[in-house]
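Residues in the sequence shown are numbered from -16 upward in steps of one, following the working numbering.
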Amino acid sequence: MYHLQLLHTPSARETIEVDYAVFASDHRLLRSFFIAGLVILIYDHILTLGMEIKYIWRSKLRPSTCWFLAVRYIGLAAALAMLPYHFMVLDHQSCSKLQWMWEVLIVSQEVLIEVTLALRVLAMYGFNRWVFSGFATAIGTLTGISLASMTGIGPLRGGC
């Protein structure tokens, strides 16, 4: 049995016992699901690469093209950035840097997707300013919470 300390608040600590076999099994399952998701994501990129080259890469570079490429490849970059976290033994400093980079990529992806969805809904409502103000407030709040979680309380994932 191993002992694990959980930090609920800065002043309260609780120690629980962790069975090594259960921990190893859970970790193996987590890595398997991660690899399955990554393989599906890469497979999707490979399937659509021909059309992407034809319609996106060979076309004139416009803001919409850059937006599409950012939305498409930031998610892939975030998934690839997590490979070492799941399959390598990292020292604390490297792990912290990796988590910071992963959080930046995830927050960037969240913001891009939120803005994309908001623009689609705004277009459906004829760019009504009341709908726009609601979306701007929601996106600003969610972005602020995401940034605060990155800078205020440290890494979102434990384990480093």
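Backbone N, C-alpha and C fix where the C-beta goes; we use that ideal spot for every residue, glycine too.
Alpha carbon of residue i to alpha carbon of residue j, nearest angstrom
i: valine 114; j: valine 90; result: 23 Å
i: asparagine 111; j: valine 94; result: 21 Å
i: serine 42; j: valine 5; result: 52 Å
i: threonine 48; j: leucine 102; result: 15 Å
i: leucine 13; j: leucine 130; result: 26 Å
i: serine 100; j: histidine 75; result: Note that residue 100 corresponds to leucine in the displayed sequence, not to serine. Answer to the nearest angstrom: the Cα atoms are 37 Å apart.
i: methionine 153; j: aspartate 27; result: No answer is possible for residue 153: the residues shown for the chain start at -16 and end at 143.
i: serine 77; j: aspartate 9; result: 23 Å
i: arginine 45; j: alanine 7; result: 48 Å
i: serine 79; j: glutamate 0; result: 25 Å
i: aspartate 2; j: leucine 32; result: 45 Å
i: valine 54; j: methionine 133; result: 21 Å
i: alanine 119; j: serine 15; result: 38 Å
i: glycine 117; j: glutamine 92; result: 21 Å
i: tyrosine 108; j: leucine 73; result: 49 Å
As assigned by DSSP and simplified to three states, the class of residue i
i: valine 72; result: coil
i: methionine 107; result: helix
i: methionine 133; result: helix
i: methionine 84; result: helix
i: leucine -10; result: Since pLDDT at leucine -10 reaches only 48, below the 50 mark, its modelled position is unreliable, and the value read off the structure follows with that caveat. Three-state result, leucine -10: strand.
Inter-residue CB distance, residue i and residue j (contact presumed, cutoff 8 Å)
i: isoleucine 36; j: phenylalanine 51; result: With a Cβ gap of about 13 Å, isoleucine 36 and phenylalanine 51 do not count as contacting.
i: leucine 125; j: alanine 62; result: No, leucine 125 and alanine 62 are not in contact; Cβ-Cβ is about 21 Å, not under 8 Å.
i: leucine 24; j: leucine 59; result: 6 Å
i: tryptophan 85; j: methionine 65; result: 6 Å
i: isoleucine 57; j: leucine 88; result: 6 Å
Selection from the options that minimises the alpha carbon distance to residue i
i: histidine 69; options: Ile96, Glu0, Ala19 and Val104; result: Ala19
i: isoleucine 122; options: Met133, Val104 and Glu97; result: Glu97
i: cysteine 17; options: Asp2, Pro67 and Ala106; result: A quick correction: the sequence has phenylalanine, not cysteine, at residue 17. Nearest of Asp2, Pro67 and Ala106 to phenylalanine 17, Cα basis: Pro67.
Report task. Quick one: which unbroken beta strand (DSSP E) runs of 3-plus residues sit fully inside the segment -5 to 49? Chain order, please. Result -> Runs of the beta strand (DSSP E) lying entirely within the segment -5 to 49 and spanning at least 3 residues, in chain order: -4 to 1.
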